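> Read left to right, the sequence shown gives residues 4 to 147 (our numbering). Beta carbons: idealized from backbone N, C-alpha and C, even for Gly. These numbers come from a predicted model, not from an experiment.
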Amino acid sequence: QPQEDWRTMALRGVFRSNVGIAVRSAANQLRARGGGGGGPPRPPFARALAPTEPLHEEHELVWDDGVAPEPCLDFDAPYVSAMQGLRMFLGGFLFFGTLFTLVGFSAPTAKRLAVPQAETYPFGKLHVELGGDPDAAPEGEDEE
């Protein structure tokens, strides 16, 4: 029985110290964060006034949600000149054209491990599948 008392006392000490740590941590968090909840509520959006006169022709180029109007066309990279943009555009075509050509030279159909469908399951000419004679299968008929 003396060992049980020793174990019980040790467990009580561990639980008390852990509870104390948790309570202190929660108290510090409340102090630091102002009680949780994220602080005071933010003020509502300041809405723009509705137009009182006819809109100008280019007003359709502005996305106006009543709060923060912004241009519909984003100019993310004003430092890229038109010539540099054209070079990048054509460079992309050159890259993918070269890639397509290299793949074509590598003959991907010759490396295919499966048999082509046309040799095993002719969808257009179901002569044999429809009960026809396999020896008298029509050859050279065009698919409709």
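By Cβ distance below 6 Å, which residues in the same chain neighbour Phe48 in space, the five residues on each side in sequence not counted?
Here the set comprises Val70.
> Extract the residue ranges of the beta strand (DSSP E) inside the region 41-104, only unbroken runs of 3 or more that lie entirely within it.
Complete beta strand (DSSP E) runs here, min 3: none at all.
> Please name the residue in Ala80, Asp79, Glu63 whose C-alpha comes closest to that of Pro72.
It is Glu63.
> If you measure between the beta carbons of Val65 and Cys75, is that distance less than 8 Å?
Contact flag set, yes.
> Can you give me the Cβ contacts of Phe108 inside the same chain, cut-off strictly under 8 Å, excluding the 5 residues immediately before and after it?
Excluding sequence neighbours, Phe108 sits near nothing in its chain.
> Give the DSSP-derived three-state secondary structure of Thr112 in the structure shown.
Coil.
> Starting from the C-beta of Gly135, find all residues in its chain whose C-beta is less than 6 Å away, skip the five residues before and the five after it, and write them out in chain order.
Cβ neighbours of Gly135 beyond the five flanking positions: none.
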